[in-house]
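A.B. asks: Numbering (my numbering), first residue to last: 6 to 710. Glycine is no exception: its CB is placed at the ideal position from the N, C-alpha and C atoms. Below you will find the structure I want to go over with you.
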Ligand code: GCV
């Protein structure tokens, strides 16, 4: 289908009042199953439903099941009260459903734990019942709700449901979205409109969208949300905002989602009238204890605080010559009585001459074992800052006595915002699977985690994320927080089927494109271990020449260190020796030029331009060829997408088509600007390639604002 036809169809839908596919429903779309045989199977298996209990969570499960089945089966499935009499989907807990209590699910339920679920087919011709039934059981209502979403997912992805035997539980205790939302409605690093939270209208107006947000998160298993930016304003802790936060907590509670707040460390001064925020001062400790009491009086299941302290200008305990542990423990003490936690961020670096990649490790490893039990250290995936590719942070192997949270960025600050199609599940998978090697073999990053936090990409944009494909990253984060071993390919497959269609002619090529899209972005932005070469401040587009940030360690030239001899940051023993922060095998691998994976080459080494690469090319030629490979891959994505016109609705097709066009132009911009800039050091010609000579001059690219 041509773009014009797509547009015409879209207009027709609009004119006839038919509902447009605008992405609002995310992966919770329940269109009728089109395969007649499958539909018949599902209809035969699901003739009535019974969800035990009447709590808000049980009601949410019943509503979702009713809504989902009505859509998928194209008919209203009767809801019966008593699961024993012919209901073919029975959901509940052993304590609210005698039918479930009688089913002997003890072993499965004990594996499922507090939040997990069992989905099992029972009875049938060979069983005690004449007809088979499907049981969705949990030890808690929230387990039943999670099981309900999982059951609907089976239908949405067209799985057989005649012999189910599933036990599932979350591997991580804390599965949290971090919103960098400001109280004025703006979102730091947000590319999807304004903040979802309409603070002005709260607590009175609880927009229906808040419930849909909660449904989407619960469907993934996300169980917490930090409402405000880590660059926090103390006002979020005032009585007025506590009331607003309580209103959101009320909406989210039935969906198992606790609210958290980012706490500004200097709040006792700014809103408490104290002269100090010193964490060891008794009046400061008393202020936080009272503040915690006040919050819990309004929100009994409040999750706790997230804190960015002594980082990028934020206040913190070091302002009083105290340690991060002093600060975190003071807040943790205030929250402990109420069961709250502190997520203390390890994202710290000071413009002090030491390699920025080394600093968090230097500050936090001496504190291991000194935090209170309800403090979790929240560590970004890599040592710098959410770059297209970083090695895993060495802190994951170095804090054995501290519960750790992995912080991932869902919003694509450094990956082309919402415009570029970059599926980051492979990035997440890479860090989760990384072996720290601190015990020879293992543990992997995923094995040392107590939680995962994803910096949200949601906003008021109708499609939530600024682009339909950007929501795949929200989905991937949530599913991986539930089970960090899920492979990216399965996640992409599931998301595509639930979001668009089960048609393999669409799913297979688009999945392939999604799974390579992250490497593609690495290639056209920062290949071979280069990092942080984006334009200053907003981080969109190339800026390898940036050398005028307020501080050296935010400049591109600090990171790439290109000169006449070569390019890259020497982090071996002859340089900053950041390799020493890794366990032995990694020290060897990363530290040796003949062993370092090419993906990390220039992260760890300053390499001569004529260094011979695995391909046989010189480093210079390899670098330019990687840039071009990235551009070519985006061209391939466009071609793939064009070939799929007509396979999905015109509206979402058209959005992606347009964004891919921009992405191709911008990949080209990245490549041209970068190779021209690095050529000023290598002084070598750009070998002829499929991209051809750069379209404009370096001066032109440098002048783009
Ligand atoms: C919320 C990077 C981003 C900042 C962000 C910071 C952080 O520096 O550019 O916008 O601030 O990380 O994670 O605290």
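Excluding the five sequence neighbours on either side, which residues of its own chain have a C-beta within less than 8 Å of the C-beta of residue 449, listed in chain order?
C.D. replies: Along the chain shown, read from residue 1 onward, the residue named residue 449 stands at position 444. Around residue 449: 437, 438, 439, 440, 441.
A.B. asks: What did DSSP end up calling residue 283 once you bin it into helix, strand or coil?
C.D. replies: Position 278 of the chain shown holds residue 283. In the structure shown, residue 283 sits in coil (DSSP, three-state: anything other than H, G, I, E or B).
A.B. asks: Measure the alpha-carbon distance for residue 443 versus residue 404 and round it to whole angstroms.
C.D. replies: Taking the chain shown and counting its residues from 1, the one referred to as residue 443 is at position 438. Taking the chain shown and counting its residues from 1, the one referred to as residue 404 is at position 399. Distance between the alpha carbons of residue 443 and residue 404 is about 11 Å.
A.B. asks: How many angstroms separate the CA atom of residue 366 from the CA atom of residue 447?
C.D. replies: As a first step, residue 366 is located in the chain shown; it is residue number 361 there, counting from the start. As a first step, residue 447 is located in the chain shown; it is residue number 442 there, counting from the start. Their backbone Cα atoms lie some 19 Å apart in a straight line.
A.B. asks: To which residues of the same chain is residue 113 closer than 6 Å at the C-beta, ignoring the five residues directly before and after it?
C.D. replies: Indexing the chain shown from 1 puts residue 113 at position 108. So the qualifying residues of the chain are 123, 172.
A.B. asks: Since residue 481 and residue 430 are thought to touch, with beta carbons under 8 Å apart, how far apart are those beta carbons, to the nearest angstrom?
C.D. replies: Along the chain shown, read from residue 1 onward, the residue named residue 481 stands at position 476. Along the chain shown, read from residue 1 onward, the residue named residue 430 stands at position 425. That belief holds up - the Cβ atoms of residue 481 and residue 430 are roughly 4 Å apart, short of 8 Å.
A.B. asks: Taking residue 677 as part of the beta strand (DSSP E), name the residues at either end of that continuous run.
C.D. replies: Here residue 677 refers to the residue found at position 672 of the chain shown. It is not in any beta strand (DSSP E) - residue 677 instead sits in the alpha helix (DSSP H) that spans 655-687.
A.B. asks: For residue 421, count neighbouring C-beta atoms within 10 Å of its own C-beta (all shown protein chains included) and say buried if the count is 16 or more, exposed if not.
C.D. replies: By 1-based counting over the chain shown, the position of residue 421 is 416. Per the 10 Å Cβ criterion, buried.
A.B. asks: Is it true that the CB of residue 632 sits closer than 7 Å to the CB of residue 562?
C.D. replies: Residue mapping note: residue 562 aligns to position 557 of the chain shown, counting from 1. Residue mapping note: residue 632 aligns to position 627 of the chain shown, counting from 1. No; because the gap between Cβ atoms is not below 7 Å, this pair is not in contact.
A.B. asks: By how many angstroms is the C-alpha of residue 624 removed from the C-alpha of residue 607?
C.D. replies: Taking the chain shown and counting its residues from 1, the one referred to as residue 607 is at position 602. Taking the chain shown and counting its residues from 1, the one referred to as residue 624 is at position 619. Rounded to whole angstroms, residue 607 to residue 624 spans 10 Å at the Cα level.
A.B. asks: May I have the straight-line CA-CA distance separating residue 511 from residue 353, to the nearest angstrom?
C.D. replies: The residue you call residue 511 lines up with position 506 of the chain shown. The residue you call residue 353 lines up with position 348 of the chain shown. When rounded, the distance between both Cα atoms is 44 Å.
A.B. asks: For the beta strand (DSSP E) containing residue 313, name the first residue and the last one.
C.D. replies: Taking the chain shown and counting its residues from 1, one reaches residue 313 at position 308. First-last for residue 313: undefined, no H or E at that position.
A.B. asks: Which same chain residues, not among the five before or five after residue 710, have their C-beta less than 8 Å away from its C-beta?
C.D. replies: Here residue 710 corresponds to residue number 705 of the chain shown, with the count starting at 1. No residues qualify anywhere along the chain.
A.B. asks: On the DSSP bridge list, what partners appear for residue 140?
C.D. replies: Reading the chain shown from its first residue, position 135 is the one you call residue 140. DSSP, once it has assigned bridges, lists 95, 125 as partnering residue 140.
A.B. asks: Taking the C-alpha atoms as reference points, what is the distance between residue 254 and residue 266?
C.D. replies: Working through the chain shown from its first residue, we reach residue 254 at position 249. Working through the chain shown from its first residue, we reach residue 266 at position 261. If you take the alpha carbons of residue 254 and residue 266, they lie about 11 Å apart.
A.B. asks: Three-state secondary structure (DSSP) at residue 691?
C.D. replies: As a position in the chain shown, residue 691 is number 686, starting the count at 1. In the structure shown, residue 691 sits in coil (DSSP, three-state: anything other than H, G, I, E or B).
A.B. asks: Leaving out five residues on either side along the sequence, give the residues of the same chain with a beta carbon under 7 Å from the beta carbon of residue 653.
C.D. replies: Here residue 653 refers to the residue found at position 648 of the chain shown. The answer, listed in chain order, is 505, 506, 511.
A.B. asks: Nearest-angstrom Cα distance between residue 522 and residue 468?
C.D. replies: Working through the chain shown from its first residue, we reach residue 522 at position 517. Working through the chain shown from its first residue, we reach residue 468 at position 463. When rounded, the distance between both Cα atoms is 21 Å.
A.B. asks: At a cut-off of 6 Å, would you count residue 352 as near ligand 1, judging by its Cβ distance to the nearest heavy atom?
C.D. replies: As a first step, residue 352 is located in the chain shown; it is residue number 347 there, counting from the start. Residue 352: yes, Cβ under 6 Å from ligand 1.
A.B. asks: On the DSSP bridge list, what partners appear for residue 349?
C.D. replies: Taking the first residue of the chain shown as position 1, residue 349 is located at position 344. According to DSSP, which records beta bridges pairwise, residue 349 is partnered with 312, 382.
A.B. asks: Would residue 16 be called buried (16 or more neighbouring beta carbons within 10 Å of its own) or exposed?
C.D. replies: The count along the chain shown starts at 1 and reaches residue 16 at position 11. Summary for residue 16: the model assigns pLDDT 47, below 50, so the residue's position carries little reliability; its value from the coordinates is reported in the next sentence. Answer is exposed; the Cβ neighbour count stays below 16.
A.B. asks: For residue 230, which of helix, strand or coil comes out of DSSP?
C.D. replies: Position 225 of the chain shown, counted from the first residue, corresponds to residue 230. Note: residue 230 maps to strand in three-state DSSP.
A.B. asks: I'd like the list of long-range same chain contacts for residue 359, defined as Cβ closer than 6 Å, with 5 residues on each side in sequence excluded.
C.D. replies: What you label residue 359 is simply residue 354 of the chain shown in a count that begins at 1. Within the same chain, residue 359 has no close Cβ partners at all.
A.B. asks: Locate the beta strand (DSSP E) running through residue 170, then write down its first and last residues.
C.D. replies: Counted from its first residue, the chain shown places residue 170 at position 165. Looking at the DSSP string, the run of the beta strand (DSSP E) that includes residue 170 is 170-173.
A.B. asks: Which first and last residues belong to the beta strand (DSSP E) in which residue 56 is found?
C.D. replies: Numbered from its first residue, the chain shown carries residue 56 at position 51. Segment 54-56, the beta strand (DSSP E) holding residue 56.
A.B. asks: For residue 216, tell me which candidate among 30, 604, 649, 629 has the shortest Cα-Cα distance.
C.D. replies: For this step, residue 216 is matched to residue 211 along the chain shown. The option with the nearest alpha carbon to residue 216 is 30.
A.B. asks: Ordered along the chain, which non-local residues of its own chain (more than five positions away) have a Cβ less than 7 Å from that of residue 116?
C.D. replies: For this step, residue 116 is matched to residue 111 along the chain shown. Here the set comprises 172, 174.
A.B. asks: Return yes when the Cβ of residue 464 is within less than 7 Å of the Cβ of residue 197, no when it is not.
C.D. replies: For the purposes of this step, residue 197 is taken as the residue at position 192 of the chain shown. For the purposes of this step, residue 464 is taken as the residue at position 459 of the chain shown. Yes, the Cβ-Cβ distance between residue 197 and residue 464 is below 7 Å.
A.B. asks: So, do the region 333-343 and the region 281-298 have three or more beta carbon pairs nearer to each other than 8 Å?
C.D. replies: The region 333-343, when compared against the region 281-298, does touch it at the 8 Å Cβ threshold.
A.B. asks: Look up residue 179 in the DSSP assignment and say whether it is helix, strand or coil.
C.D. replies: Counting from one through the chain shown, the residue named residue 179 turns up at place 174. Residue state, collapsed to three classes: strand.
A.B. asks: Say the cut is 6 Å; is the CB of residue 116 nearer than that to a heavy atom of ligand 1?
C.D. replies: Translated into the one-based positions of the chain shown, residue 116 becomes position 111. Because no heavy atom of ligand 1 lies under 6 Å away, the Cβ of residue 116 does not count as near it: no.
A.B. asks: Would you list the residues sitting across from residue 411 in a DSSP beta bridge?
C.D. replies: Indexing the chain shown from 1 puts residue 411 at position 406. According to DSSP, residue 411 bridges with 384, 457.
A.B. asks: Should residue 508 be counted as a contact of ligand 1 given a C-beta to heavy atom distance under 6 Å?
C.D. replies: Indexing the chain shown from 1 puts residue 508 at position 503. Residue 508: no, Cβ never under 6 Å from ligand 1.
A.B. asks: Looking at the unbroken alpha helix (DSSP H) that takes in residue 116, where does it start and where does it end?
C.D. replies: In the chain shown, counting from the first residue as 1, residue 116 sits at position 111. Per DSSP, residue 116 belongs to the alpha helix (DSSP H) from 111-117.
A.B. asks: Using 6 Å as the cut-off, classify the Cβ of residue 361 as near or not near the heavy atoms of ligand 1, replying yes or no.
C.D. replies: Position 356 of the chain shown, counting from 1, holds the residue named residue 361. No, since every heavy atom of ligand 1 falls outside the 6 Å radius drawn around the Cβ of residue 361.
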